[in-house]
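*Asks:*
Protein chains in written order, with the working numbering: chain A, 1 to 540; chain B, 541 to 842.
Dropping the structure here:
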């Protein structure tokens, strides 16, 4: 019996070793990936979109990050403490984090690869919130004490950020702000090397230097972005081996999903988004390496509240919502991959209201409202969207539905950067837009997308303005009781649904298809774009 | 003595005056390939004109909203001989309507480029000197641009629309006509009939467009016909790249652009049928153009 037990133990140990052996990460290789468009910015202070973020996440690092399940975990901070009334946050920084020592083909950086201290964070926050930097996302941290005075140019530094010593960073807030720490995971709030930012000055956007696992090599506009391994990266794996495993990351800019798919099939790409025509085939062929999960995001058509025909015309905006059949669109055109939307908050987010009464498909009602809106014979409008076959498909499908009730929708597609700029400037009456979560809080959807202070590039592209809504969302930001916050947000969302500054279309599902030999790749709940390649390796 | 009546010399009746165009028609009729090309062109023109009479469906009607999944990407059947696309639109109908767009753009941009090209070429060839130098220089400069890129550059700055597309094509395509006309005029302006016209007091304008132009017309006709095919391809390429005609207008380029994504998943009909339509149209114009060239060339008279 004892012998037998010994035998069993031997086998178990042996099999464990085999398993362990098989899972020992391999170093080396170039990760081959694709972006669907040229990123508008690599400067993290300016980046507001997922394509830019996808690259920035590899080069730069934040104090805290969202793990693949969307939970907040430390990154460059080792721990943090929040005081009793949530107006002070103290971060204890990780030691031994160094800026990139070399970049762009081995050229030494201006900072020389020195260690990051709390003073760098203080400088960085001053830089991001500097009115001259003009960061469209600085206002995410507007509750840092002294933010407004600094923005107005009355003082020359941000009072609420200070270094207690080299490894202790303190934030003081002017008022309670519930999602503050989650906001710091956003890709703008990364630590920057002052020397390099000042050296490159207005060309900084094209020569990013950070602390991340990969250093910037080159960016051929509309063609390719190439990053290589940061040899001095602070991260270690569970066995104490240095990270990252990959030698380099290559992101080719491939606008056409069918090209991505063909490139993936011949293994010129390790990861791809799967467009509808290949969806079923991908699911079948790559059953074990095709991932899908709900993403906190909302796809919508925005209606500019300050331009005709939508200005002061609620019946028209409601008619736009009643005219489309979201369920059928999802089922027939989108392969059932998304979730039809009734409001703005995605399912899975705090404050999501499953009983929210949204707009059902009701063409008769839509026609009636159209009459009430002053367009008994219909009208003609132009939908602007960024060039992508996926957007074109949705636009074309909804164009036909609008035609049914007498609304003639012309389509106009523009390159992503231009689309984003013109929309942010408020020049476009009707536009496609989608918002995915920057930090896991309804504040990121309701306050950012619809509060009147955030008109334009800050997020309120529809230029919606309603004092009651403003009051509700502003109050919810300061509130710390979850139940009250939830009530406030649900009330605010009900107002939005009724006033309909957007055509609510669907909530996102993120997906990612990888080659079967890719290891340690987990599709993050924030979306494929937020993946970090620190621990990914190739078993080939 | 018998007096023979003086024999009237029978003068062979002079052949009835035939014009260049009548001659050419006779020669064209003998050219089977050219006739086939002409036949294709006539069919296409017929389809374009009577598109709404001969089709059953509306080219923009999306049947999926009414009939559900069975109308989506349906393979060719009696009901839909060319199948349907993602939105349940009948592809045969859209291919037929596509002839309208293609022909309209080809015709309009050819006319635009002919007007610009003929006028500038005529001035260059007739006046010579510095007028010729400037115009020839302009032609060379524009010729040196990569054609498709130049058009994309123009179109990219303007809101995409069908009208702009063919104006853009027309503005870039006129050089071929300018060159042709200039060459013709250079040799024709020294001819006696020009001197005669001038002696009779005709002004420059009348000489250029009343006397010289009709004599230089045949190469223009040939070139325009041959160019049609090229422009149809160009329109398709532009639309394929996302410029040019916008959905839901049924244009061949659009259909191929979206349809090709579904080729590898087995829905070949979406892209193949408009592809065949383009090939046949271009083939038709090219065969007809070749035939016209041979027919209109007096040196090839048998």
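Heads up, the beta-carbon is just placed ideally off N, CA and C, and yes, glycines get one too.
Under 8 Å, with one C-beta from each stretch per pair, do the region 256–263 of chain A and the region 799–808 of chain B reach the 3-pair mark?
*Replies:* Short answer: they touch.
*Asks:* Going along the region 360–373 of chain A in order, which residues come within less than 8 Å of chain B, judged by CB to CB distance?
*Replies:* The region 360–373 of chain A vs chain B, Cβ under 8 Å: nothing.
*Asks:* Which residues in chain B sit within 7 Å of residue 258(A), going by Cβ to Cβ distance?
*Replies:* 800 and 801, listed in chain order.
*Asks:* Give me the subset of the region 270–291 of chain A whose CB atoms are less than 7 Å from a CB atom of chain B, sorted by chain position.
*Replies:* Those residues of the region 270–291 of chain A that come within reach of chain B (Cβ to Cβ, closer than 7 Å) are 275, 277, 278 and 281.
*Asks:* Can you tell me whether residue 471(A) is buried or exposed, with buried defined as 16 or more other CB within 10 angstroms of its CB?
*Replies:* So residue 471(A) counts as exposed.
*Asks:* Are any of the Cβ atoms in chain A nearer than 8 Å to that of residue 605(B)?
*Replies:* So, interface residue.
*Asks:* Thinking residue 824(B) and residue 577(B) are a contact (beta carbons under 8 Å), I'd like their distance in whole angstroms, please.
*Replies:* Confirmed, about 5 Å.
*Asks:* What residues in its chain sit with their C-beta under 8 Å from that of residue 341(A), if we drop five residues either side in the sequence?
*Replies:* The answer, listed in chain order, is 298, 299, 300, 326, 358, 504, 505, 506 and 507.
*Asks:* Quick test of your reading: residue 89(A) and residue 191(A), contact by CB under 8 Å. State the CB separation rounded to the nearest angstrom.
*Replies:* Wrong, their Cβ atoms sit about 16 Å apart, outside the cutoff.
*Asks:* Name the chain B residues whose beta carbon is nearer than 7 Å to that of residue 36(A)?
*Replies:* Per Cβ cutoff of 7 Å: no residues; residue 36(A) is ~14 Å from chain B at best.
*Asks:* Can you tell me whether DSSP reads residue 777(B) as helix, strand or coil?
*Replies:* If DSSP states are grouped into helix, strand and coil, residue 777(B) belongs with the helices.
*Asks:* At the 8 Å Cβ level, is residue 298(A) part of the contact set with chain B, yes or no?
*Replies:* For residue 298(A), the answer is no, since every Cβ of chain B falls outside 8 Å of its Cβ.
*Asks:* Measuring CA to CA, which of 315(A), 524(A), 422(A) and 374(A) is closest to residue 498(A)?
*Replies:* The shortest C-alpha separation from residue 498(A) is found at 315(A).
*Asks:* Taking buried to mean at least 16 other C-beta atoms within 10 Å of its own C-beta, is residue 38(A) buried or exposed?
*Replies:* Under this definition residue 38(A) is a buried residue.
*Asks:* Unbroken alpha helix (DSSP H) runs of length 4 or more, entirely within the region 441–526 of chain A: which are they?
*Replies:* Listed in chain order, they are 443–450, 467–478 and 482–499.
*Asks:* Taking only beta carbons into account, state which residues of the region 771–791 of chain B come closer than 9 Å to chain A, listed in chain order.
*Replies:* Answer set for the region 771–791 of chain B: 782, 786, 787 and 788.
*Asks:* For the beta strand (DSSP E) that contains residue 556(A), what are its first and last residues?
*Replies:* Because chain A is modelled from 1 through 540, residue 556(A) falls outside the range shown and cannot be assessed.
*Asks:* Counting contacts by CB-CB distance shorter than 8 Å, is residue 304(A) in contact with chain B?
*Replies:* Chain B, which has no Cβ nearer than 8 Å to the Cβ of residue 304(A), makes this no.
*Asks:* What does a CB cutoff of less than 6 Å around residue 189(A) pick up in its chain, not counting 5 residues either side in sequence?
*Replies:* 62.
*Asks:* If you measure between the beta carbons of residue 600(B) and residue 613(B), is that distance less than 8 Å?
*Replies:* Not a contact, by the Cβ cut-off of 8 Å.
*Asks:* When the Cα of residue 684(B) is compared with those of 662(B), 658(B) and 713(B), which residue comes out closest?
*Replies:* When only C-alpha atoms are compared, the closest one is 713(B).
*Asks:* Under three-state DSSP, which class holds residue 55(A)?
*Replies:* Of the three classes helix, strand and coil, the one that applies to residue 55(A) here is helix, per DSSP.
*Asks:* Output needed for residue 182(A): all residues of its chain with C-beta closer than 7 Å, excluding positions within five of it in sequence on either side, in chain order.
*Replies:* Closer than 7 Å at the Cβ level, and outside the excluded window around residue 182(A), lie 72, 439, 440 and 441.
*Asks:* Since residue 294(A) sits in a beta bridge, which residues does DSSP pair it with?
*Replies:* DSSP lists 509(A) as partners of residue 294(A).
*Asks:* In terms of residue numbering, what span does the beta strand (DSSP E) encompassing residue 72(A) cover?
*Replies:* Taken as a continuous stretch (DSSP letters only), the beta strand (DSSP E) holding residue 72(A) covers 72–74.
*Asks:* Does any CB atom of chain B fall closer than 8 Å to the CB of residue 332(A)?
*Replies:* Chain B, which has a Cβ nearer than 8 Å to the Cβ of residue 332(A), makes this yes.
*Asks:* Report the rounded CA-to-CA distance for residue 328(A) versus residue 489(A), giving the unit in angstroms.
*Replies:* Distance between the alpha carbons of residue 328(A) and residue 489(A): 29 Å.
*Asks:* Can you pull the DSSP bridge partners for residue 434(A)?
*Replies:* For residue 434(A), which the question treats as bridged, DSSP gives the partners 299(A).
*Asks:* Cβ of residue 173(A) within 8 Å of Cβ of residue 128(A)?
*Replies:* Contact flag unset, no.
*Asks:* According to DSSP, is residue 66(A) helix, strand or coil?
*Replies:* Strand.
*Asks:* Tell me, please, which residues DSSP counts as bridged to residue 281(A).
*Replies:* Residue 281(A) pairs with nothing; no bridge assigned.
*Asks:* Using the Cα positions of residue 206(A) and residue 436(A), report the straight-line distance between them to the nearest angstrom.
*Replies:* Each residue's Cα considered, the two are about 25 Å apart.
*Asks:* Mapping the DSSP letters down to three states, classify residue 714(B) as helix, strand or coil.
*Replies:* Note: residue 714(B) maps to coil in three-state DSSP.
*Asks:* Hey, is residue 411(A)'s beta-carbon within less than 8 Å of any beta-carbon in chain B?
*Replies:* Yes, because at least one Cβ of chain B sits closer than 8 Å to the Cβ of residue 411(A).
*Asks:* Quick check on the burial criterion: 16 or more other C-beta atoms within 10 angstroms. Buried or exposed for residue 811(B)?
*Replies:* Residue 811(B) comes out buried.
*Asks:* Check whether the Cβ atoms of residue 245(A) and residue 25(A) sit closer than 8 Å, and answer yes or no.
*Replies:* Yes, the pair counts as a contact, with Cβ atoms nearer than the cut-off.
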